[in-house]
Amino acid sequence: MRRGRTDYEDWDEDTIELEPVGISGRRSGPESAGSTGPGDRTEPLRKKTEQYQTEEIAGRTAVPVAKVSFRTGLSRSQVEERMEGGWDNAPVDDCSRTTREIIRSNLLTYFNLIFLVLAVLLCVVGSFRDLTFLPVIVVNTLIGIVQEIRAKKVLEKMNMLGAPKATVVRDGKVWTVASEQLVRDDIVVFRAGNQICADAEVVAGEVQVNESLLTGESDEIRKSRGDSLISGSFIISGTCYARLTGVGADSYISRLTLEAKAMKTGEQSEMMRSLNKLLKFVGIALIPIGAVLFIQGFYFNHETFAESITSMVAAVIGMIPEGLYLLTSVALAVSTVRLAGKGVLLHDMKSIETLARVDVLCVDKTGTITENTMTVKDLIPTEEYDPQTMPPLEQLIGDFAGAMSNDNITMNAMKEYFKEGTGAAPVKVTPFSSSVKYSGVTFEKAAYVLGAPEFVLREDFNRYQEKIQGYTGRGYRVLVFGIYGGEITGEALTEKVTPLGYVLLANPIRKEAPDTFAYFAEQGVEIKVISGDNPLTVSEAAKEAKIAGAERYVDARTLKTGEEISAAMKQYTVFGRVTPEQKRSFVKALKSQGRTVAMTGDGVNDVLALKDADCSVAMASGSEAAAQASQVVLLDSDFSCMPAVVLEGRRVVNNIQRSASLFLVKNIFSFLLALFSVASMITYPLQPAQISLISMFTIGIPAFFLSLQPNKERIQGHFLSNVLLKALPGGLTDVIAVGALVVFGQTFSVHSDDIATAATMLLAIVGFMILWKICSPMNKLRAAIWVGCIAGLLICSIFLPNLFAITGMSIECIMLFVVFSIATEPVFRYLTLGLEKLQEGIRKLRKKREEKQKKKWIRQEI
Numbered sequence: 017m018r019r020g021r022t023d024y025e026d027w028d029e030d031t032i033e034l035e036p037v038g039i040s041g042r043r044s045g046p047e048s049a050g051s052t053g054p055g056d057r058t059e060p061l062r063k064k065t066e067q068y069q070t071e072e073i074a075g076r077t078a079v080p081v082a083k084v085s086f087r088t089g090l091s092r093s094q095v096e097e098r099m100e101g102g103w104d105n106a107p108v109d110d111c112s113r114t115t116r117e118i119i120r121s122n123l124l125t126y127f128n129l130i131f132l133v134l135a136v137l138l139c140v141v142g143s144f145r146d147l148t149f150l151p152v153i154v155v156n157t158l159i160g161i162v163q164e165i166r167a168k169k170v171l172e173k174m175n176m177l178g179a180p181k182a183t184v185v186r187d188g189k190v191w192t193v194a195s196e197q198l199v200r201d202d203i204v205v206f207r208a209g210n211q212i213c214a215d216a217e218v219v220a221g222e223v224q225v226n227e228s229l230l231t232g233e234s235d236e237i238r239k240s241r242g243d244s245l246i247s248g249s250f251i252i253s254g255t256c257y258a259r260l261t262g263v264g265a266d267s268y269i270s271r272l273t274l275e276a277k278a279m280k281t282g283e284q285s286e287m288m289r290s291l292n293k294l295l296k297f298v299g300i301a302l303i304p305i306g307a308v309l310f311i312q313g314f315y316f317n318h319e320t321f322a323e324s325i326t327s328m329v330a331a332v333i334g335m336i337p338e339g340l341y342l343l344t345s346v347a348l349a350v351s352t353v354r355l356a357g358k359g360v361l362l363h364d365m366k367s368i369e370t371l372a373r374v375d376v377l378c379v380d381k382t383g384t385i386t387e388n389t390m391t392v393k394d395l396i397p398t399e400e401y402d403p404q405t406m407p408p409l410e411q412l413i414g415d416f417a418g419a420m421s422n423d424n425i426t427m428n429a430m431k432e433y434f435k436e437g438t439g440a441a442p443v444k445v446t447p448f449s450s451s452v453k454y455s456g457v458t459f460e461k462a463a464y465v466l467g468a469p470e471f472v473l474r475e476d477f478n479r480y481q482e483k484i485q486g487y488t489g490r491g492y493r494v495l496v497f498g499i500y501g502g503e504i505t506g507e508a509l510t511e512k513v514t515p516l517g518y519v520l521l522a523n524p525i526r527k528e529a530p531d532t533f534a535y536f537a538e539q540g541v542e543i544k545v546i547s548g549d550n551p552l553t554v555s556e557a558a559k560e561a562k563i564a565g566a567e568r569y570v571d572a573r574t575l576k577t578g579e580e581i582s583a584a585m586k587q588y589t590v591f592g593r594v595t596p597e598q599k600r601s602f603v604k605a606l607k608s609q610g611r612t613v614a615m616t617g618d619g620v621n622d623v624l625a626l627k628d629a630d631c632s633v634a635m636a637s638g639s640e641a642a643a644q645a646s647q648v649v650l651l652d653s654d655f656s657c658m659p660a661v662v663l664e665g666r667r668v669v670n671n672i673q674r675s676a677s678l679f680l681v682k683n684i685f686s687f688l689l690a691l692f693s694v695a696s697m698i699t700y701p702l703q704p705a706q707i708s709l710i711s712m713f714t715i716g717i718p719a720f721f722l723s724l725q726p727n728k729e730r731i732q733g734h735f736l737s738n739v740l741l742k743a744l745p746g747g748l749t750d751v752i753a754v755g756a757l758v759v760f761g762q763t764f765s766v767h768s769d770d771i772a773t774a775a776t777m778l779l780a781i782v783g784f785m786i787l788w789k790i791c792s793p794m795n796k797l798r799a800a801i802w803v804g805c806i807a808g809l810l811i812c813s814i815f816l817p818n819l820f821a822i823t824g825m826s827i828e829c830i831m832l833f834v835v836f837s838i839a840t841e842p843v844f845r846y847l848t849l850g851l852e853k854l855q856e857g858i859r860k861l862r863k864k865r866e867e868k869q870k871k872k873w874i875r876q877e878i
């Protein structure tokens, strides 16, 4: 980023109202993150952060610490001084590569180095005609560079739109800036849902902080003036002003990122893992095989140095899948750009494939099944409420709602509905906590709580259960409002609550939800609804959204052990009263059962589960923490675009599988023919120019166009086995046909140039047979590709014969060519049938093994 410049725009308000926070979380007082008490679990983090901040960062100039008023903040000149001095919050680990890095990574590859060596060898022997493979390599590399740079620019724009923002006080006004434009000593306003983007010290207000991403524990810790806020944690409730003490490379989370960078190995998708295995094998095998072919030709077959080099280069070029990895990267980059245009931001390209392979999708009720809004439908007084001696119930709740902050959609709905109050002033406010499921306000005359019936009423819940379930059974979310008989501390309630009324709320079902879930059901993706709401309420919403199995629900509080959770994941569809820790356990249980799990979420309490899922999806309208933790971010917060993401994943993976089989036919053939040549002590029969001609029209050009075709088929099986089984019939047919042609050609003393030309034409015939099979079922575009490639090969062979080493054939060679051309079709057909039967047999064996495993699980459960 540019130093000394800050782009920020005026906020709508000049002041921020601080919301008082009750002590529902563990107090960060004498033993707080900002203290030195022995019981403080964040003390090691604070000490380590202070140690980091005393270290000198390269490129910085000294700027004195400024402890300014939280009402005025830094001046513009102070901000610019810190920006120019390098004291900004710029990220230390930008995951996107620079243009220079993209160019370098595409140019300086292992196989490009091999191609360069081969080109030099051909130049040394004066075989310039056989350099025809170079234009293909250059074009492939340029395509890769251009597509990756294009994808980078699009994603940078999308990332700018979705980049975390911060509310900062400067020059006595409140501004909104990108978090990377913050500087040390800035006064930042943190609210519920904000992730703490830099280390800070609270100077006014109180908040509850969840430091689970740093400590592994999910307790909510109360922070007030003088306490430290550690970057990477996030605000659960409340509002505070905080002075930034550690930004950019100084912050604790940045140091952790840098320390982990050296050991971090990105988890690869199955497809990329398979391709890397294949390329590693080829990369290791081609050098010794090439060396043996050269030694054999030069020393044993007594060829000239030039002939030995040319035949060796032809074999090595044939073994290298030069365009496969590039095609994969380009296809993924194109898909990323396509999805960006549909409002889907991918933090990781591999998530396209992973999401296309998922068989379980875990969703929340709010924001996915229902709209991310809530309305109060009714207020039902209880028998305990006495209108004669008490103020109107609506006004009591109005006082309660008026004292709370606008932290969530529930309280927003309450404030919208209960607008009038008695005017009573709150003494203490305890915001809602997901761990105890209630919020509370203490007034001078009484203390009131509002929350989930089971948590508020506790042992008295059975007395009211029938009535409450009558409301939840109609799809309402029910909150109990009552008078608490003790002091509200923010911990689990221990004293009696006298219920005064039931607040009935509802989320409207998203219009597109039934169609979206119907699509996933058709694709064999099981839906698991995981929510913190009442299980019956969630079940009713799931039924309305047409989710299969919505009637099978369970209260997650009854699931105490890992075994119970594992069994429940197989038995139930809807899970209610789920805690953040349980969400993570649910994901782990599904993964342990061999499932590929996608998790959607939008709240800070979803972060841990999102990080553990195979593929994580967040709504942009949710918390920054969830969006940063997810691989896929729905920028419009529209779950209905998920089918488009799945379809894009299927298109790219299936098309890459198709294209990969074309590349591997040539690699299998070249590898086996090289071994055949070594074993039979014959010269490799093809020349590099001929290999280039075949590669261009039977592999490269059709593979590129096929990779962009629509494809909605489900991804089945394993990538490498699928590709190899599709490529083997063609590769074996090529070896059998060309090998037989060489043997018979030498028997009838046919010239080697004639044999090479005939072998090239045989490879073309088999190549187009394979391409026909790959293109099936045919459509107009695929037919045009097939016909166009045949025409292109014929034109090059007729009008550019010298360039591609195509010569005339003798009568004996023509006869051999005709015979083996006719024989290739039945050979290819029977090999294909045989391998398909083998594949079916393998599939049946796997299915039997899975059924045995399922029976074993059932017996264990019984």
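In this text, residue positions in the sequence shown follow this note's numbering: the first is 17, and each later residue adds one. Built from N, CA and C at the ideal position, the CB exists for glycine as well.
Rounding to the nearest angstrom, what Cα-Cα distance links residue i and residue j in this structure?
i: residue 545; j: residue 360; result: 22 Å
i: residue 435; j: residue 421; result: 14 Å
i: residue 864; j: residue 753; result: 38 Å
i: residue 629; j: residue 604; result: 8 Å
i: residue 209; j: residue 636; result: 12 Å
i: residue 403; j: residue 264; result: 58 Å
i: residue 72; j: residue 105; result: Its pLDDT being 49, under 50, residue 72 is placed unreliably in this model, and the coordinates cannot settle the point.
i: residue 447; j: residue 496; result: 15 Å
i: residue 655; j: residue 591; result: 20 Å
i: residue 99; j: residue 362; result: 30 Å
i: residue 500; j: residue 205; result: 32 Å
i: residue 16; j: residue 839; result: Because the chain here runs from 17 to 878, residue 16 falls outside it and cannot be looked at.
i: residue 846; j: residue 586; result: 43 Å
i: residue 268; j: residue 747; result: 55 Å
i: residue 240; j: residue 465; result: 23 Å
i: residue 161; j: residue 127; result: 16 Å
i: residue 795; j: residue 712; result: 22 Å
i: residue 861; j: residue 854; result: 11 Å
On a Cα-Cα basis, can you pick out the residue from the options that is closest to residue i?
i: residue 600; options: 625, 119, 592 and 248; result: 625
i: residue 594; options: 90, 609, 611 and 622; result: 622
i: residue 84; options: 260, 460 and 846; result: 260
i: residue 481; options: 515, 257 and 190; result: 515
i: residue 666; options: 581, 731 and 651; result: 731
Taking a contact to mean a Cβ-Cβ separation below 9 Å, would you say residue i touches residue j in this structure?
i: residue 714; j: residue 789; result: no
i: residue 425; j: residue 370; result: no
i: residue 305; j: residue 249; result: no
i: residue 449; j: residue 506; result: yes
i: residue 570; j: residue 558; result: no
i: residue 253; j: residue 218; result: no
i: residue 512; j: residue 476; result: yes
i: residue 4; j: residue 287; result: An answer regarding residue 4 cannot be provided, because it is not within the stretch 17 to 878 covered by the chain.
i: residue 324; j: residue 313; result: yes
i: residue 336; j: residue 131; result: yes
i: residue 186; j: residue 247; result: no
i: residue 430; j: residue 440; result: no
i: residue 294; j: residue 680; result: yes
i: residue 541; j: residue 782; result: no
Determine which residues share a DSSP beta bridge with residue i and list them.
i: residue 515; result: 498
i: residue 206; result: 256
i: residue 211; result: 250
i: residue 454; result: 449 and 467
i: residue 244; result: 217
i: residue 780; result: Paired residues: none, contrary to the question.
Handout entry: Length at least 3, wholly inside the region 629-694: the beta strand (DSSP E) runs in chain order
Key = DSSP assignment within the region 629-694 yields the following whole beta strand (DSSP E) runs of 3 residues or more, N-terminal first: 631-635 and 648-650.
Exercise for the section: Note down, one range per segment and in chain order, each beta strand (DSSP E) of at least 3 residues found wholly within the region 387-422. Expected result: 391-397
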